[in-house]
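What follows is one structure encoded as structure tokens, with my remarks underneath.
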Amino acid sequence: MIAPLLIGAEAIVEEINNFIYSAIIDRMNYHYADWVYKKYKLEWAKEESFFRHTSNNIKKYFNALGVPCEVLF
């Protein structure tokens, strides 16, 4: 499972694809870390558009490698 979906998560696909048989992707649901995003001006990485774009890219990468992938949101 790739959760929470953080900035740069696409890079993990190459690192783990030889060790997994399927993947599940979920968004960032940990609101206690909201202050970190605000402090570093990363609020855009908590928006729906970020989650959709990043999860679609990861799913495409896994599918190209033959790894089934499910997005939970």
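Just so we're aligned: the sequence shown equals residues 19 to 91 in our numbering. The beta carbon of each residue, even a glycine, is placed where N, CA and C say it ideally should be. This structure is a prediction, so every number in the text was calculated from the model and none was measured.
Subject >> Cα-Cα separation, Gly-84 to Asp-44 >> reply: Each residue's alpha carbon lies about 20 Å from the other.
Original post:
By how many angstroms is the C-alpha of Leu-90 removed from the C-alpha of Trp-53?
Top reply: Their backbone Cα atoms lie some 25 Å apart in a straight line.
Original post:
Does the beta-carbon distance from Asn-75 to Glu-28 come in below 8 Å?
Top reply: Yes. Within cutoff.
Original post:
beta strand (DSSP E) containing Ile-76: first to last residue?
Top reply: First-last for Ile-76: 66-82, but that is the alpha helix (DSSP H), not the beta strand (DSSP E).
**OP:** Please say whether Leu-23 and Met-46 have beta carbons closer to each other than 8 Å?
**Re:** In this structure, Met-46 lies near Leu-23, with their beta-carbon atoms less than 8 Å apart.
Original post:
In this structure, does DSSP put Val-85 in helix, strand or coil?
Top reply: It is coil, neither helix nor strand.
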